[in-house]
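The structure under discussion appears below in the form of structure tokens.
2 protein chains.
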Amino acid sequence: MIIVKAGGSAITDKTQDFTPRLPVMEGVAAQLSRITATEQIILVHGGGSYGHPLAKEFELNKGFHDKSQLEGISQTRYSMTELNQLFLSCLIRNRVPAVAVQPSACFVCTSKRISLSFLEPIKNILELQCLPVLYGDVVSDSKMGVCILSGDQIVSYLAHALSVEKVIFGLEVDGLYTKDPQYEDAELVKDITFSDLNSITGGETGDVTKGMKGKLSEISKMEGIEVNLINLTKEGTLLKAVQGNVEGTWIR
Amino acid sequence: MIIVKAGGSAITDKTQDFTPRLPVMEGVAAQLSRITATEQIILVHGGGSYGHPLAKEFELNKGFHDKSQLEGISQTRYSMTELNQLFLSCLIRNRVPAVAVQPSACFVCTSKRISLSFLEPIKNILELQCLPVLYGDVVSDSKMGVCILSGDQIVSYLAHALSVEKVIFGLEVDGLYTKDPQYEDAELVKDITFSDLNSITGGETGDVTKGMKGKLSEISKMEGIEVNLINLTKEGTLLKAVQGNVEGTWIR
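Sequence order for the protein chains is H and W.
Under my numbering, the residues of the first sequence are numbered 186 to 437, in order.
Under my numbering, the residues of the second sequence are numbered 186 to 437, in order.
Written as structure tokens, this is what we have:
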């Protein structure tokens with residue numbers, strides 16, 4: 186079983202609020218329609234410009250502290266479902282039997298980490314040979330009231346809870362770089378071990394972007410599972426990675 | 186706490202596939218925005234013409250028997266979420282802090298009855314003073330693979346699991362009639378006890394429509410809770426029922 190994470194910055198335009206990148210979703214869907222013939226897949230996607238602006242405006246990641254945030258909880262959930270429906274419509278059009286599973290209905294966090302889950306529906310969907318689709322969401326937090334549960338944390342949780350062999354992170358850049366890829370001398374890391382990864386995530390040298398740091402911190406929890414980082418905005422990279430031809434970063 | 190069930194035949198046009206009745210949803214949302222100031226509400230809605238045509242086409246209520254049904258599971262879930270999002274957009278516009286909870290992510294059935302549930306997110310949403318919104322859905326069934334979980338069954342399950350004082354069923358007719366209301370001599374039943382109700386649901390006399398029979402069978406499981414049946418397509422009926430002025434059928 187493979188978990189594919191479609192990053193929020195790949196499937197949406199993060200520079201413009203509520204702007205999907207439909208060609209990227211369509212491309213993922215087309216590739217998955219071929220992949221699902223031989224592989225069992227779980228798809229998890231991020232929120233990008235459908236989640237972050239609202240979560241930030243209503244300070245949802247600081248927990249529940251004020252009634253004015255209720256509107257924000259409501260709107261963020263609605264907005265994430267809108268993005269999820271766009272992705273699902275691409276998948277259904279490509280004849281992928283995709284089924285959404287709302288994370289806020291089956292996960293509860295304690296201090297921003299998943300502490301309770303209800304995985305029976307996901308297991309059942311996989312048994313039926315359907316493809317479960319999850320996403321970053323505003324979820325209940327037993328300490329903070331609510332919190333943001335990132336798609337990346339869902340991936341690392343499911344990778345441990347289910348029999349997952351490989352996790353593919355689809356980004357809007359080619360993979361992990363030696364420093365922020367906006368610098369000219371940044372170099373793509375093609376192959377790295379989990380122990381070397383820990384030295385990158387442990388440092389505060391600003392070598393990688395803030396978003397990548399959070400991702401690497403989740404990835405470091407997946408030791409023992411093969412992890413690929415690929416550029417989802419480039420054609421065919423997902424299909425190639427599934428076939429073992431990773432045009433990006435290979436972590437093992 | 187009050188559970189409001191918005192019937193699929195009230196919020197959609199059942200004679201035309203995928204046709205919402207937006208003015209009815211808007212009316213419910215406007216009434217709920219006043220009601221939620223003093224009452225804690227759970228909203229559950231049916232599928233109407235967003236659920237039944239697909240569920241029937243793909244024989245989803247007969248359980249999983251054929252790979253051709255996968256497309257049906259996928260499409261029905263997508264379609265129910267579409268209807269749910271329409272309702273949510275009305276609620277959000279009316280400043281109701283509504284939060285969808287996907288039933289297929291938190292309920293599992295065995296032979297069409299709920300056998301497992303994960304209610305923590307619903308309880309948390311209520312604690313935050315948000316309004317959880319659930320709906321009829323295609324859910325996992327440990328015996329049949331999948332089944333249709335009706336909004337009515339969700340209502341009777343939650344009525345027992347949580348501290349619910351009243352359940353209001355919003356219909357497209359005024360309430361329970363002595364026979365199918367399309368007959369001229371059908372009379373509205375204004376007040377009925379649970380024991381008299383059992384004599385109606387127990388009979389096979391064709392006194393009520395098939396849809397109403399299923400509903401009454403769920404209602405008969407709610408003895409001890411006040412149940413109202415009202416016409417949701419008429420203005421103000423929901424607000425009146427909450428205030429104790431039931432223009433329809435009162436079951437107690």
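The beta-carbon is built from N, C-alpha and C at its ideal position, and this holds for glycine as well.
Check: Determine, using beta-carbon pairs with one atom in the segment 292–311 of chain W and one in the segment 325–333 of chain H, whether at least three such pairs fall under 8 Å.; Outcome: yes
Check: Within a Cβ cutoff of 6 Å, which residues of the same chain sit near residue 361/W, ignoring the five residues on either side of it in sequence?; Outcome: 374, 414, 434
Check: Residues of chain H with a CB under 7 Å from the CB of residue 249/W: which are they?; Outcome: 313
Check: Should residue 262/H be flagged as near chain W, meaning a C-beta pair shorter than 8 Å?; Outcome: yes
Check: Threshold first: 3 residues or longer. Then list the beta strand (DSSP E) segments lying entirely within the segment 223–259 of chain H, N to C.; Outcome: 226–230
Check: Can you have a look at residue 342/W and say buried or exposed, based on whether 16 or more other CB atoms are within 10 angstroms of its CB?; Outcome: buried
Check: Against chain W, which members of the segment 280–300 of chain H pass a CB distance test of less than 9 Å?; Outcome: 280, 281, 282, 283, 284, 285, 286, 287, 288, 289, 290, 291, 292, 293
Check: Does DSSP put residue 286/W in a helix, in a strand, or in coil?; Outcome: coil
Check: Unbroken alpha helix (DSSP H) runs of length 4 or more, entirely within the segment 280–354 of chain H: which are they?; Outcome: 288–291, 305–312, 336–346
Check: Could you check which residue in 397/H, 337/H, 401/H, 262/H has the C-alpha nearest to that of residue 379/H?; Outcome: 401/H
Check: Can you list, in chain order, the residues of its chain whose CB lies under 8 Å from that of residue 239/W, leaving out five sequence neighbours each side?; Outcome: 245, 257, 260, 261, 264
Check: Which value, in whole angstroms, describes the spacing of the CA atoms of residue 423/W and residue 350/W?; Outcome: 16 Å
Check: Taking only beta-carbon positions, decide if residue 303/W is within less than 8 Å of chain H.; Outcome: yes
Check: Could you please give the first and the last residue of the uninterrupted beta strand (DSSP E) stretch that includes residue 411/W?; Outcome: 411–416
Check: When the Cβ atoms of the segment 188–200 of chain W are set against those of the segment 404–420 of chain H, are three or more pairs found closer than 8 Å?; Outcome: no
Check: For residue 389/W, which residues in the same chain have their Cβ closer than 6 Å to its Cβ, ignoring the five residues on either side in sequence?; Outcome: Note that residue 389/W has pLDDT 49, beneath the 50 cutoff, so the model's placement of it is unreliable and no number is given.
Check: Going by C-alpha distance, which of 205/H, 221/H, 274/H, 215/H is nearest residue 313/H?; Outcome: 221/H
Check: Can you round the beta-carbon distance between residue 194/W and residue 357/W to whole angstroms, since I take them to be within the 8 Å contact cut?; Outcome: 5 Å
Check: Can you tell me the Cα-Cα spacing of residue 276/W and residue 367/H, whole angstroms?; Outcome: 43 Å
Check: First and last residue of the alpha helix (DSSP H) that includes residue 429/H?; Outcome: First-last for residue 429/H: undefined, no H or E at that position.
Check: Could you tell me the distance, in whole angstroms, from the CA atom of residue 282/H to the CA atom of residue 255/W?; Outcome: 6 Å
Check: Distance cutoff 8 Å, beta carbons only. Does residue 416/W sit that close to anything in chain H?; Outcome: no
Check: What distance in whole Å lies between the Cβ atoms of residue 291/W and residue 302/W, which are believed to be in contact at a cut-off of 8 Å?; Outcome: 6 Å
Check: Report buried or exposed for residue 241/W, applying the criterion of at least 16 other Cβ atoms within 10 angstroms of its Cβ.; Outcome: exposed
Check: Could you please give me the residues that DSSP links to residue 208/H through a beta bridge?; Outcome: BP columns for residue 208/H are empty, so no partner.
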